[in-house]
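Have a look at the structure below before the remarks.
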Amino acid sequence: MRKLDSKTGTFKHPLESETLALDIGPSTIAIVGNSQASLQQFAAEILRDHRMIRRLPRHLDRQRRANNPDCYDAQGRALSSKHPTKKCRRQVQMEGRIAELFRREAAHRKALHGRLANQILGLGVLIQTEKLSYKAFQKRFGRSISIRAPKLFLSILTHKAESAGGQVIEFSTRTTALSQVCVCGKKHKKRLSERVHACECGVTTQRDLFSAYLARFMEDDALQVAKARESWPGAEPLLRTAWQQAVTKPPASRGTRPSSFGRYPSDPSQSGSSEKVGATVGIVANPAAKSLDVVAFSRPSGQEVVRARKRLQEFANRTPTSTRCKARRL
Ligand SMILES: [Zn+2]
Numbered sequence: 010m011r012k013l014d015s016k017t018g019t020f021k022h023p024l025e026s027e028t029l030a031l032d033i034g035p036s037t038i039a040i041v042g043n044s045q046a047s048l049q050q051f052a053a054e055i056l057r058d059h060r061m062i063r064r065l066p067r068h069l070d071r072q073r074r075a076n077n078p079d080c081y082d083a084q085g086r087a088l089s090s091k092h093p094t095k096k097c098r099r100q101v102q103m104e105g106r107i108a109e110l111f112r113r114e115a116a117h118r119k120a121l122h123g124r125l126a127n128q129i130l131g132l133g134v135l136i137q138t139e140k141l142s143y144k145a146f147q148k149r150f151g152r153s154i155s156i157r158a159p160k161l162f163l164s165i166l167t168h169k170a171e172s173a174g175g176q177v178i179e180f181s182t183r184t185t186a187l188s189q190v191c192v193c194g195k196k197h198k199k200r201l202s203e204r205v206h207a208c209e210c211g212v213t214t215q216r217d218l219f220s221a222y223l224a225r226f227m228e229d230d231a232l233q234v235a236k237a238r239e240s241w242p243g244a245e246p247l248l249r250t251a252w253q254q255a256v257t258k259p260p261a262s263r264g265t266r267p268s269s270f271g272r273y274p275s276d277p278s279q280s281g282s283s284e285k286v287g288a289t290v291g292i293v294a295n296p297a298a299k300s301l302d303v304v305a306f307s308r309p310s311g312q313e314v315v316r317a318r319k320r321l322q323e324f325a326n327r328t329p330t331s332t333r334c335k336a337r338r339l
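Structure below.
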């Protein structure tokens, strides 16, 4: 149901009829339209407390064993014939605490997915994307999927698009393999770790953004290469800007930027482009560097800061007494 603004009487999220294309990864999404492009991480604000999620269930398991000693053998193995049913008050509290931890995260994730879906529908309600096996994602990137939930995002987006009169079209990847093709028609099989599409014809861009760009030219499960080639000169600066923004924007709160964003070239003029965007935005980090140098920008995470402080403390403790006395005297 689309929300109305009570003051103006208009829809809160205006819709456009532009055709958009998405490239969905285990934790990231590339969005490419006629005039807009973006590369971002799903639910980037979510920071799972891995330490608590590891420790609390272990605590719960110890409580369960203590309350039901007859359900385990001498070596601590669970007996299949007996089910632990006795619970103490603290165990019930712990179960509630764990459930609340996951419930909060799920609610936050759903809200963030809904917000992103609304933003996308504000750009266009006709959406094309590859039909992916989210089960395969789950097997390969289990932890990331459990936090970012790309399948949940797609189902939210599909539902919202349909209620707004649009559609999410999923096409088969079997014949297309968009991550391997170029606008020049050449095919180059890439490893998953290769995050940049760099072709001999001069096209150099972020792999996911390029796949999303090509997805816009899918018609009846076939890529219209000629159309994609024709539109490429106009789309290239758009994709480059989206890539640059993705790698230079500070990550949400204490999170880290996904490595799948790839390295933004320090000198885009060497990437076969006619425009020197790097010079105008001042991101050329090292003039002597080759075409694919990194724009190094990473904020230390909370844990890294704690570790660094610990190291400093250890170093201070290791300083010989005589030196410390000297320092105090000074
Ligand atoms: Zn090419």
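If you read the sequence shown in our numbering, its first letter stands for residue 10, the second for the next number, and so on.
Built from N, CA and C at the ideal position, the CB exists for glycine as well.
### Message
Are the CB atoms of Val-101 and Gln-137 within a distance shorter than 9 Å?
### Response
no
### Task
Could you have a look at Tyr-273 and say whether DSSP puts it in helix, strand or coil?
coil
### Query
What number of angstroms, rounded off, separates the C-alpha of Ser-240 from the C-alpha of Asp-58?
44 Å
### Query
Which runs of the beta strand (DSSP E), 3 residues or longer, sit entirely within the stretch 68-141?
135-139, all fully within the stretch 68-141.
### Task
Below 7 Å CB to CB, which residues in the same chain sit around Ala-170 once its five sequence neighbours on both sides are set aside?
Leu-130, Val-134, Ile-136, Gln-176 and Val-177
### Query
To the nearest angstrom, how far is it from the Cα of Cys-191 to the Cα of Val-212?
8 Å
#### Entry: Limits of the unbroken alpha helix (DSSP H) element including Val-234
234-257
### Query
What are the start and end residues of the beta strand (DSSP E) that includes Phe-180?
176-180
### For Ala-75 and Ala-83, the rounded distance between their alpha carbons
13 Å
### Message
Just to confirm, is the Cβ distance from Leu-48 to Gln-254 under 9 Å?
### Response
yes
### Message
Give me the pocket residues for ligand 1, defined as CB within less than 7 Å of any heavy atom, sorted by chain position.
### Response
Cys-191, Val-192, Cys-193, Lys-195, Cys-208, Glu-209, Cys-210 and Val-212
### Query
Is the CB of Ser-164 under 9 Å away from at least one CB in chain D?
The displayed structure is made up of one protein chain only, and chain D is not part of it.
### Message
What does the alpha-carbon distance come out to for the pair Thr-94 and Asn-77?
### Response
Straight across, the Cα-Cα distance linking Thr-94 with Asn-77 is about 7 Å.
### Per-residue DSSP class, three states only, for Glu-203
coil
### Task
Work out the CA separation of Lys-199 and Lys-285 for me, nearest whole Å.
The predicted position of Lys-285 is uncertain, since its pLDDT is 35 and thus under 50; a value taken from the coordinates is nonetheless stated next. So the alpha carbons of these two residues sit roughly 27 Å apart.
### Task
State buried or exposed for Arg-67, treating a residue as buried only when at least 16 other CB atoms are found within 10 Å of its CB.
exposed
### Query
Is DSSP giving Ala-46 helix, strand or coil here?
DSSP, read as helix, strand or coil, puts Ala-46 in strand.
### Task
Please go through the same chain and pick out, in chain order, the residues whose beta-carbon is closer than 7 Å to the beta-carbon of Ala-251, but skip the five residues on each side of it.
Ala-46, Ser-47, Leu-48 and Leu-218
### Cβ distance (whole Å) where Leu-69 is taken to contact Cys-80 below 8 Å
That belief does not hold up - the Cβ atoms of Leu-69 and Cys-80 are roughly 15 Å apart, past 8 Å.
#### Entry: Secondary structure of Ile-55, DSSP reduced to three states
coil
### Query
Looking only at its own chain, which residues have a Cβ that is under 8 Å from the Cβ of Asp-230, when we skip the five neighbours before and after it?
Phe-180, Ser-181, Thr-184 and Thr-185
### Query
Below 8 Å, can you find three or more Cβ-Cβ pairs linking the stretch 138-148 to the stretch 105-117?
no
### Query
Grouping DSSP H, G and I as helix and E and B as strand, with all else coil, what is Thr-184?
Thr-184: coil per DSSP, three-state reduction.
### Query
Assuming Cys-208 contacts Lys-195 under a Cβ cut-off of 8 Å, what Cβ separation, rounded to an integer in Å, is found between them?
Between Lys-195 and Cys-208 the Cβ distance is about 6 Å, and since that is below 8 Å, they are a contact.
### Task
Within its chain, find whatever has a CB closer than 8 Å to the CB of Leu-248; leave out the 5 residues flanking it on each side and keep chain order.
Val-41, Ala-46, Thr-214, Gln-215, Leu-218, Phe-219 and Tyr-222
### Task
For the beta strand (DSSP E) holding Asp-217, just list the boundary residues, first then last.
From DSSP, Asp-217 is part of no beta strand (DSSP E) but of the alpha helix (DSSP H) over 216-224.
### Message
Is the separation between the beta-carbon of Glu-114 and that of Ile-156 shorter than 9 Å?
### Response
Contact flag set, yes.
### Query
Is it true that the CB of Ala-224 sits closer than 9 Å to the CB of Asp-32?
yes
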